[in-house]
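Peer 1: Under UniProt numbering, the sequence shown has 162 at position 162, and the numbering climbs by one with no breaks.
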Amino acid sequence: MSQPSSATLPHYELLYHPGNPGRGEFIRLALEAAQVPYTDVSNSSKEGYALVQQTCMSPQNLSSSDGNPPVFAPPALRIPGGGGQSEGGGRALVIAQTPNILWYLGEKLEVLAPGGGEAGRYHVQQVVLTALDLNNEVHDTHHPVAVGKYYEEQREEALKKAQDVRETRIPKYLSYFDRVRQHNERDGGGKGTYLVGSKLSTADTTVWQVLDGLMFAFPKEMEARKKEFPELLGTFYGNVKEEGGLKEYLSSKRRLPYSMGVFRYYKELDRQ
């Protein structure tokens, strides 16, 4: 990955579970799109996940690291030197919660910031939060009762939840994202490619990731929805994949395959 225009950016550290995209993928896509250096800690070394667990997952911790408050769960982003000065030099800043991290990166990485000033930034975050709401609803299709129980223990409830998500929730969200796209095409210079403004932002990368996950989890459902939303699921989805750093990343081994994370494929949960 090439260096950004600003040589002052730190080397970011993504703290997340190893082996699947999960919610950490929203952070990876933002960093890859901006083409800035970062370390995916859990997937970079055998010892990496132990560090993530120590920083983000210990119920006894009163702090994460470098004096930062405790983190509830991954993903988290560690920014060396981002926490100000201490006796030992610049300490790290650790921030968690996916939308919080994306807001931070959108502010710091100009390539992910839309035009339109403050209004544009809030609009981006509005779209990001909505996409992450859909992400959570999709997760609940295979774990509608309890996160700590196996899918097989809640299969009957999952069938009902998935039907509602497919028939009601997915089209509602897709309609919203498509209306955002159309509004920006008409009034924001998006040319049908971007959701906010005239260049790539975290709104685009976040919505794209949810669409991509839906295509994995519900291939028949999403194939049918292409007739209703041809521009969103065709032009927009295809164009984002061709963006600078994303094109190279998506074809690399750094892009982890879907497995047992947020997006899972169960044949019985898809359109029959």
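Every residue, glycine too, gets a C-beta built ideally from N, C-alpha and C.
#1: Determine which residues share a DSSP beta bridge with Lys94 and list them.
#2: Considering only DSSP beta bridges, list what Leu14 is partnered with.
#3: Three or more C-beta pairs under 8 Å: does that hold for the segment 163–178 against the segment 125–140?
#4: When you compare each of Met222, Arg186, Ser65, Met260 to Gln272 by their alpha carbons, which one comes out closest?
#5: Count the CB pairs spanning the segment 142–157 and the segment 126–133 that are closer than 8 Å, and state whether there are at least three.
#6: Quick one: is Glu87 buried, meaning 16 or more other Cβ sit within 10 Å of its Cβ, or exposed?
#7: Let me know the secondary structure DSSP gives residue 316 once reduced to three states.
#8: Taking the alpha-carbon of Leu232 as reference, which of Arg186, Arg254, Val180, Leu112 has the nearest alpha-carbon?
#9: Is DSSP giving Leu200 helix, strand or coil here?
#10: How far does the alpha helix (DSSP H) with Ala34 in it reach, from first residue to last?
#11: Are the Cβ atoms of Val240 and Arg23 separated by less than 8 Å?
#12: Could you tell me the distance, in whole angstroms, from the CA atom of Pro10 to the CA atom of Leu112?
#13: Compute the Euclidean distance between the alpha carbons of His183 and Leu62, then round it to the nearest angstrom.
#14: Is DSSP giving Ala119 helix, strand or coil here?
#15: Whose C-beta lies closer than 8 Å to the C-beta of Leu256 among residues of the same chain, with five residues either side of it excluded?
#16: When burial is assigned at 16 or more other CB atoms within 10 Å of the CB, is Pro37 buried or exposed?
#17: My output table needs one value for Glu228: the three-state DSSP class, helix, strand or coil.
#18: Out of Lys247, Pro114, Lys46, Leu195, point me to the one whose CA is closest to Glu32's CA.
#19: May I ask you to report which of helix, strand or coil DSSP gives Glu87?
#20: Am I right that Leu200 and Tyr237 are in contact with their C-beta atoms under 8 Å? What's the rounded C-beta distance?
#21: Please return the same chain residues whose Cβ sits closer than 6 Å to the Cβ of Glu13, not counting the five positions on each side in sequence.
#22: I need the boundaries of the alpha helix (DSSP H) containing Leu51, first residue and last residue.
#23: Return the CA-CA distance between Leu132 and Ser64, expressed in angstroms with no decimal places.
#24: Rounded to whole angstroms, what's the CA-CA distance from Thr130 to Ser58? Just pull it up for me.
#25: If I measure Cβ to Cβ from Lys191 and keep anything under 7 Å in the same chain, skipping five residues before and after, which residues do I get?
#26: According to DSSP, is Thr141 helix, strand or coil?
Peer 2: Reading from the atomic positions:
#1: Here the sequence assigns Val to residue 94, which means Lys is not the residue at that position. Per DSSP, Arg78.
#2: Asp40, Leu77
#3: yes
#4: The residue with the shortest Cα to Cα distance from Gln272 is Met222.
#5: no
#6: Bear in mind that a pLDDT of 43 at Glu87, under 50, signals an unreliable position, so the number given afterwards is only what the model happens to contain. Classification for Glu87: exposed.
#7: Any property of residue 316 remains undetermined from this structure, which presents the chain solely from 1 to 272.
#8: Val180
#9: Three-state result, Leu200: coil.
#10: 24–34
#11: Not in contact: Val240 and Arg23 (Cβ atoms no closer than 8 Å).
#12: 16 Å
#13: 46 Å
#14: Of the three classes helix, strand and coil, the one that applies to Ala119 here is helix, per DSSP.
#15: Gly19, Asn20, Pro21, Glu25, Asn43
#16: exposed
#17: Per DSSP, reduced to three states, the secondary structure at Glu228 is coil, with no helix or strand assignment.
#18: It is Lys247 whose Cα lies nearest to the Cα of Glu32.
#19: Because the pLDDT at Glu87 is just 43, under 50, the model does not fix this residue reliably, and the point stays unresolved.
#20: Not a contact, Cβ separation roughly 14 Å.
#21: Excluding sequence neighbours, Glu13 sits near Thr39, Val41, Arg78.
#22: 48–56
#23: Their Cα atoms are separated by approximately 24 Å.
#24: Their backbone Cα atoms lie some 29 Å apart in a straight line.
#25: Glu185
#26: helix
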